[in-house]
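K.L.:
Residue numbers (our numbering): 32 to 476. Just so it is clear, CB atoms sit at the ideal spot from N, CA and C, and this is done for glycine as well.
Below, the structure written as structure tokens:
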């Protein structure tokens, strides 16, 4: 890929100061060589077409291809980042179906007889300017989603695939860019990239959110301080203070490595915990528990950083697997989760499948309202053997820790009673099979 400068500054001269200040986006310290993100330029020219109707069809075909790509990204992100962050790529899929967005592109192609690449760029550019003009701290960062989709569609139409970030050099690297698209951030290699610095972005941007989830120290909003001349030297990224030290001396490096008061040093070989402790007003106790979607995320809260698991989304296990996980597979995961947090309360949610959350091997029934219809506890009660398998695994694992079972999407007392009755059936089955389990387990909604 051809190198493209992400620096807004006019002069390429290296800053005289060795300290850059920006916004602290993801806590921790990372040390590495700066590598600017390489992208293929994607500002298309307004090429005229002879058949606007055919060009509209070409755009629609690109949308279909983009949907498939985003689904692959969702599956990859689900394993690495968990359901909450992976859901972004499902949102991008929904954006591709936005009738207003698609109509605007079609109308521009028809009115100006221009190519689909230019129509997409022009439409996305206008939408982004409109969002930023509102000055809303929550809506403005959403412009990054529109730009990401726009670049994806243009890449498909031009025959390029720019999903994977182009980086120069071997790890450990500090990736530098104007900003990172969600699809670029999620595909950063943890063995190669140890930190992120950007000229743009905010602490609420997807770059910041994904960096925190991936435990990559990040400083954003460096503006004109971030210059292409910085590529090559060793830098220190202090994501806690929002500082970037350029070409630090040996004394500085030694201090950072030896000072126990410094934030945890992040290297490719270390998985450091992220502290979840929250100060409380005098006389009030605040319990902070983690929200997890996989065992991989345990590394972020180990060594006492959280006071248990407030919610473990068990459906993530089913969404990751290519076939229905059996009782032994589920038992092993729940057991490992409980044993990793001895003496701490762990709340595991039973399957919250249905609607837009269904694994490929699960055939749903068509519904008028899939969002609030046959999902969660209702879907489980409709598929009793599936539910009994999970309950069996949970009851067996309960003997290894402080387990509480949460039933999702409950709408009536009848559903809770049905679940309790099913638990009794499962206990009788476990006794018949000679398997150990915990008889009294907290069950709630």
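#1: In terms of DSSP beta bridges, what is residue 145 paired with?
#2: Who are residue 267's beta bridge partners in DSSP?
#3: Please state whether DSSP places residue 475 in a helix, a strand or coil.
#4: If I measure Cβ to Cβ from residue 343 and keep anything under 7 Å in the same chain, skipping five residues before and after, which residues do I get?
#5: In the DSSP assignment, find the unbroken beta strand (DSSP E) run with residue 433 in it and report its ends.
#6: How do the segment 163-179 and the segment 89-97 stand: do at least 3 beta-carbon pairs fall below 8 Å, yes or no?
#7: Helix, strand or coil for residue 177? Go by DSSP, reduced to three states.
#8: Using 9 Å as the threshold, is the C-beta distance between residue 55 and residue 271 below it?
#9: Alpha carbon to alpha carbon, what distance is there between residue 57 and residue 277?
#10: Please determine, among 140, 279, 465, the residue with the shortest C-alpha to C-alpha distance to residue 81.
#11: Just the Cα atoms here: how many angstroms apart are residue 304 and residue 182?
#12: In whole angstroms, what separates the C-alpha of residue 284 from that of residue 156?
#13: Buried or exposed: which applies to residue 267, given that a residue is buried once 16 or more other Cβ atoms fall within 10 Å of its Cβ?
#14: Take residue 452 and list the residues in its own chain whose beta-carbon comes closer than 6 Å to its own, dropping the five residues that flank it on each side.
#15: Select from 53, 185, 205 the residue whose C-alpha is nearest the C-alpha of residue 222.
#16: Helix, strand or coil: which one does DSSP assign to residue 217?
#17: As a quick exercise: from 422, 414, 61, 256, pick the residue whose alpha carbon is nearest that of residue 358.
#18: Mapping the DSSP letters down to three states, classify residue 525 as helix, strand or coil.
#19: Pick helix, strand or coil for residue 102, following the three-state DSSP scheme.
#20: Starting from residue 323, follow the alpha helix (DSSP H) in both directions and report where the run begins and ends.
#21: Given a threshold of 16 other Cβ atoms within 10 Å of its Cβ, counted over all protein chains shown, does residue 442 qualify as buried or as exposed?
#22: Go through its chain and collect everything with a Cβ distance to residue 65's Cβ below 7 Å, but skip five positions before and after it.
#23: Roughly how many angstroms lie between the CA atoms of residue 394 and residue 162, to the nearest whole one?
#24: So, for residue 365: in the same chain, excluding its five sequence neighbours on each side, which residues have a beta-carbon less than 7 Å away from its beta-carbon?
#25: In angstroms with no decimal places, state the Cα-to-Cα distance between residue 250 and residue 98.
#26: Considering only C-alpha positions, which residue in the set 106, 112, 77, 463 is nearest to residue 326?
#27: In or out: residue 416 buried (at least 16 other Cβ within 10 Å) or exposed?
#28: Can you name the start and end residues of the beta strand (DSSP E) that residue 208 belongs to?
#29: Leaving out five residues on either side along the sequence, give the residues of the same chain with a beta carbon under 7 Å from the beta carbon of residue 291.
#30: How big is the Cα-Cα spacing for residue 438 and residue 226?
#31: Considering only the beta carbon of each residue, do residue 210 and residue 229 sit closer than 9 Å?
#32: Which partner residues does residue 344 have in the DSSP bridge list?
#33: Would residue 256 be called buried (16 or more neighbouring beta carbons within 10 Å of its own) or exposed?
#34: Nearest-angstrom Cα distance between residue 431 and residue 158?
#35: Does residue 250 come out as helix, strand or coil in the three-state DSSP assignment?
#36: So which of 149, 67, 414 has the shortest CA-CA distance to residue 89?
P.N.:
The relevant details are as follows:
#1: Within the chain shown, residue 145 is the residue found at index 114, counting from 1. Partner(s): 79.
#2: Stepping through the chain shown from its first residue, residue 267 is reached at position 236. Paired residues: 62, 276.
#3: The sequence position of residue 475 within the chain shown is 444, counting from 1. Here residue 475 sits in strand by DSSP.
#4: As a position in the chain shown, residue 343 is number 312, starting the count at 1. Cβ within range, chain order: 323, 368, 377, 378, 379, 380.
#5: Position 402 of the chain shown, counted from the start, is the residue given in the question as residue 433. 433-437 is the span of the beta strand (DSSP E), which, as asked, contains residue 433.
#6: no
#7: One-based indexing of the chain shown puts residue 177 at position 146. Correct three-state label for residue 177: helix.
#8: Within the chain shown, residue 55 is the residue found at index 24, counting from 1. Within the chain shown, residue 271 is the residue found at index 240, counting from 1. Yes, the Cβ-Cβ distance between residue 55 and residue 271 is below 9 Å.
#9: Indexing the chain shown from 1 puts residue 277 at position 246. Indexing the chain shown from 1 puts residue 57 at position 26. Each residue's alpha carbon lies about 19 Å from the other.
#10: As a first step, residue 81 is located in the chain shown; it is residue number 50 there, counting from the start. If we check each option's Cα against that of residue 81, 140 comes out closest.
#11: Indexing the chain shown from 1 puts residue 304 at position 273. Indexing the chain shown from 1 puts residue 182 at position 151. Low per-residue confidence applies at residue 304: pLDDT is 44, beneath 50, and the placement is therefore not dependable, though the value from the model is reported in the following sentence. Their Cα atoms are separated by approximately 35 Å.
#12: Counting from one through the chain shown, the residue named residue 284 turns up at place 253. Counting from one through the chain shown, the residue named residue 156 turns up at place 125. Spanning the two alpha carbons is a distance of roughly 43 Å.
#13: Walking along the chain shown from the start, residue 267 turns up at place 236. Buried is the call here.
#14: One-based indexing of the chain shown puts residue 452 at position 421. Result list for residue 452: empty, nothing under 6 Å.
#15: Here residue 222 refers to the residue found at position 191 when the chain shown is read from its first residue. The option with the nearest alpha carbon to residue 222 is 205.
#16: For the purposes of this step, residue 217 is identified with residue 186 of the chain shown, where counting begins at 1. Note: residue 217 maps to helix in three-state DSSP.
#17: As a working mapping, residue 358 is identified with position 327 in the chain shown. Out of 422, 414, 61, 256, 422 has the C-alpha closest to the C-alpha of residue 358.
#18: Lying outside 32 to 476, the shown extent of the chain, residue 525 is not represented and no answer is given.
#19: Within the chain shown, the letter at position 71 stands for residue 102. It is helical.
#20: Within the chain shown, the letter at position 292 stands for residue 323. Segment 321-323 is the beta strand (DSSP E) holding residue 323; no alpha helix (DSSP H) there.
#21: As a position in the chain shown, residue 442 is number 411, starting the count at 1. By the neighbour-count rule (16 or more Cβ atoms within 10 Å), residue 442 is not buried but exposed.
#22: Start at 1 with the first residue of the chain shown, and residue 65 comes out as number 34. These residues qualify, in order along the chain: 205, 207, 261, 262, 263, 264, 266.
#23: Counted from its first residue, the chain shown places residue 394 at position 363. Counted from its first residue, the chain shown places residue 162 at position 131. In this predicted model, residue 394 has a pLDDT of only 49, less than 50, meaning its place in the structure is not dependable; the value taken from the coordinates is given anyway. Rounded to whole angstroms, residue 394 to residue 162 spans 39 Å at the Cα level.
#24: As a position in the chain shown, residue 365 is number 334, starting the count at 1. Taken in chain order, the residues that qualify are 379, 424, 425, 428.
#25: As a position in the chain shown, residue 250 is number 219, starting the count at 1. As a position in the chain shown, residue 98 is number 67, starting the count at 1. About 31 Å.
#26: Locating residue 326 in the chain shown gives position 295, where the first residue counts as 1. Taking only the C-alpha atoms, the option nearest residue 326 is 112.
#27: The residue you call residue 416 lines up with position 385 of the chain shown. When all chains shown are included, residue 416 counts as exposed.
#28: Translated into positions along the chain shown, residue 208 becomes position 177. Unbroken beta strand (DSSP E) run through residue 208: 204-208.
#29: Looking up residue 291 in the chain shown gives position 260. Low confidence applies to residue 291: its pLDDT is 38, below 50, so where it sits in the model is not reliable enough to give any reading.
#30: Position 407 of the chain shown, counting from 1, holds the residue named residue 438. Position 195 of the chain shown, counting from 1, holds the residue named residue 226. Spanning the two alpha carbons is a distance of roughly 39 Å.
#31: Taking the chain shown and counting its residues from 1, one reaches residue 210 at position 179. Taking the chain shown and counting its residues from 1, one reaches residue 229 at position 198. Taking 9 Å as the Cβ cut-off, residue 210 and residue 229 qualify as a contacting pair.
#32: Translated into the one-based positions of the chain shown, residue 344 becomes position 313. In the DSSP output, where bridge partners are listed per residue, residue 344 has 380.
#33: The residue labelled residue 256 in the question sits at position 225 within the chain shown. That one is buried.
#34: Here residue 431 is taken as the residue at index 400 of the chain shown, counted from 1. Here residue 158 is taken as the residue at index 127 of the chain shown, counted from 1. Approximately 53 Å, taken between the alpha carbons.
#35: Taking the chain shown and counting its residues from 1, the one referred to as residue 250 is at position 219. Residue state, collapsed to three classes: strand.
#36: By 1-based counting over the chain shown, the position of residue 89 is 58. Here the closest residue by C-alpha is 149.
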